[in-house]
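In our numbering, the protein residues as written are 21 to 104.
If you want it as structure tokens, here you go:
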């Protein structure tokens with residue numbers, strides 16, 4: 021199966037250092053983005069536990085992180101079209 025990724029998806033993926041090929045399934049890429057998001061979320065939580073910032077700032081930091089990962093809200097089957 022070959023995939024033609026939409027331009028806005030490719031542009032967003034560049035921000036994560038990802039450049040999927042035509043043979044890379046969109047779900048595989050989305051799984052990677054999800055894992056990266058969860059890693060960053062855990063890292064943020066650890067920083068909170070080390071008291072690197074006040075607890076009242078945590079919610080806004082999580083929201084900022086969520087905004088950097090808006091692509092996750094789009095179903096992977098809408099990231100590209102299948103060809104061949």
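For each residue, glycine too, the CB sits at the ideal point set by N, CA and C.
Quantities reported herein were computed from a predicted structural model and do not represent experimental measurements.
Buried or exposed (CB count within 10 angstroms, at least 16 for buried), residue i
i          : result
residue 29 : buried
residue 32 : buried
residue 74 : exposed
C-alpha gap between residue i and residue j, whole angstroms
i           : j          : result
residue 54  : residue 72 : 25 Å
residue 57  : residue 38 : 14 Å
residue 24  : residue 91 : 17 Å
residue 82  : residue 52 : 19 Å
residue 101 : residue 76 : 43 Å
As assigned by DSSP and simplified to three states, the class of residue i
i          : result
residue 60 : helix
residue 43 : coil
Proximal residues to residue i (C-beta, below 6 Å), its chain only, five neighbours per side dropped
i           : result
residue 103 : 22 and 24
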